[in-house]
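Using the working numbering, read the sequence shown as starting at 13 and increasing by one per residue. Quick reminder that beta carbons are idealized off the backbone N, C-alpha and C, glycines included. Shown next, in structure tokens, is the structure this report addresses.
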Amino acid sequence: MSAEKSVPAKKTAAAKKAAPAKKTAAAKKAAPAEKTAAAKKTVPVKKAVAGKKAASAKKAASAAKKAAPARKSAPVKKSAPAKKSAPVKKAVAPERVAPAKPPRNESHTALVRRARRIDRELAEVYPYAHPELDFENPFQLVVATVLSAQTTDLRVNQTTPALFAKYPTPEDLAAANPEEVEEILRPTGFFRAKTKSVMGLSKALQDDFDGEVPGRLEDLVKLPGVGRKTAFVVLGNAFGRPGITVDTHFQRLVRRWEWTAEKEADKIERAIGELFPKTDWTMLSHHVIFHGRRICHARKPACGACPIAPLCPAYGEGETDPEKAKKLLKYEKGGFPGQRLNPPQSYLDAGGIPAPPLGATASAPPAPTAPAEPAPGSPSRGTG
Ligand code: SF4
């Protein structure tokens, strides 16, 4: 699937190099450049041009006209519809893609356009993006989000069914025996501190909010263990109110894309909020986090299998060999189960596989059980 995206990207790169010649001559002109690294990328383009003849040449000429920055070229857009119909497990580029140029002296307007374009592409790559914590009501979501600190959503999802079966309401959890709660929460790590947090949170809900999770940011952040990130997760997904979730994945990716140079979560949240309309905030968060978990990993981003590589200034930070990159893909993109035991229907319809319950053996390789990346200074959000 990303293969289809990558091919036009190379056409764009080739077209830029062959700009004066245009059309079919572009492929021929590319040959002398084969000594350079960039020339390697022109080789498959030449093949493609030869194969598709006039049609491909027309596209190359069209791309050459736009010869500006790589991310200005829109090749990935054309292939995007194919993603919808293709199996989500095989979103992999078989050939190398052209790297984008770093955005130098990019105007705010250009940045807004580029950022929104990346989000649109991600929306096509992950049309089933959703919160990856299982929950049935706001109480379950706020508790699950607090538990997700320093562990994966998968591990939280495997743990909370037993917790909510025994303590379905804030009143039940507030009155629980802490040792019994600790035993249930043990698989999530930091289980003593988390027990205190969720029991304190439940007591506050019982005492101050009549046992209901409040739907306002200013109330949510007063709850023990609830920061802005947790509050926005709850607002966006349990109350339908726009929120940007700046977790470790979000921070890493927006820096790679040079959407902002800010390093503090609150400042990142504000900076990114200025690039997108409020109505996009919640789904933007899901798209970015999905991409961070599946393709643009912290240590080994799978650049060679990344559908938005032509738009990314950080292309090349990770593995660019398509076959090697393909092996780095996680969750449904790599053919593995997702993080939710009860994912939304859209995920199942797209070929996504539910995560196995705690202790069960999945037929496909399981998702990582240890945090993919530590989240220093980010206790209120998980890493998986
Ligand atoms: S995987 Fe590579 S190309 Fe894709 S967004 Fe991440 S750094 Fe950019």
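Exposed unless 16 or more other CB atoms sit within 10 angstroms - verdict on residue i
i, result
"Arg-204", "exposed"
"Gln-357", "exposed"
"Lys-71", "Low local confidence applies: a pLDDT of 45 at Lys-71 is under 50, so the model's placement there is unreliable, and no value is given."
"Ala-429", "Since the first residue of the chain shown is 13 and the last is 396, residue 429 is not available in this structure."
"Pro-150", "buried"
"Gly-371", "exposed"
"Ala-177", "exposed"
"Asn-117", "exposed"
"His-309", "buried"
"His-261", "buried"
"Ala-62", "Legend: pLDDT at Ala-62 = 38, less than 50; position of this residue unreliable, value from coordinates given subsequently. By the neighbour-count rule (16 or more Cβ atoms within 10 Å), Ala-62 is not buried but exposed."
"Lys-206", "buried"
"Val-209", "Residue identity differs from the one stated: residue 209 is Ser in this sequence, not Val. Buried."
"Asp-165", "buried"
Own chain partners of residue i with C-beta closer than 8 Å, once the 5 adjacent residues on each side are dropped
i, result
"Asp-361", "Tyr-140"
"Met-211", "Leu-185, Ala-186, Ala-188, Pro-190, Val-193"
"Lys-279", "Thr-272"
"Leu-353", "Asp-146, Asn-169, Gln-170, Pro-173, Pro-366, Ala-367, Pro-368, Pro-369"
"Ala-135", "Ala-141, Met-295, His-299"
Cβ neighbours of residue i in the same chain (closer than 7 Å, five flanking residues each side left out)
i, result
"Arg-198", "none"
"Gly-364", "Val-100, Tyr-140, Glu-344, Gly-350, Pro-355"
"Arg-264", "Gly-304, Ala-310"
Continuous alpha helix (DSSP H) stretch holding residue i: start and end
i, result
"Leu-153", "150-159"
"Asp-231", "229-232"
"Ala-141", "Looking at the DSSP string, Ala-141 is not in any alpha helix (DSSP H), and its letter there is neither H nor E."
"Thr-207", "203-220"
"Asp-361", "357-361"
"Leu-353", "Where Leu-353 is concerned, there is no enclosing alpha helix (DSSP H), given that its DSSP letter is neither H nor E."
"Asp-165", "165-178"
"Gly-346", "No alpha helix (DSSP H) contains Gly-346, which DSSP labels as neither H nor E."
"Lys-338", "334-338"
"Pro-190", "190-197"
"Val-246", "240-250"
"Ala-186", "182-186"
Chain-order list of residues whose beta-carbon lies under 6 Å from that of residue i (same chain, five-residue window excluded)
i, result
"Leu-235", "Leu-213, Ala-216"
"Arg-268", "Ala-326"
"Phe-179", "Residue identity differs from the one stated: residue 179 is Tyr in this sequence, not Phe. Once the five neighbours on either side are set aside, the close Cβ partners of Tyr-179 are Leu-185, Ala-188."
"Glu-281", "Ile-256, Val-258"
"Cys-318", "Ile-307"
"Lys-96", "Unreliable placement is indicated for Lys-96, whose pLDDT of 43 sits below 50; no coordinate value is reported for it."
"Asp-292", "none"
"Tyr-138", "His-299, Phe-302"
"Ile-196", "Ala-174, Leu-175"
Checklist line | Minimum length 4: unbroken alpha helix (DSSP H) runs contained in the region 254-329 | finding: 260-268, 277-285, 293-306
Check: Counting Cβ pairs, one atom from each stretch, are 3 or more of them under 8 Å apart for the region 277-295 and the region 340-348?
Finding: no
Note to self: With three or more C-beta pairs closer than 8 Å as the rule, is the region 318-327 touching the region 161-174?
What the structure shows: no
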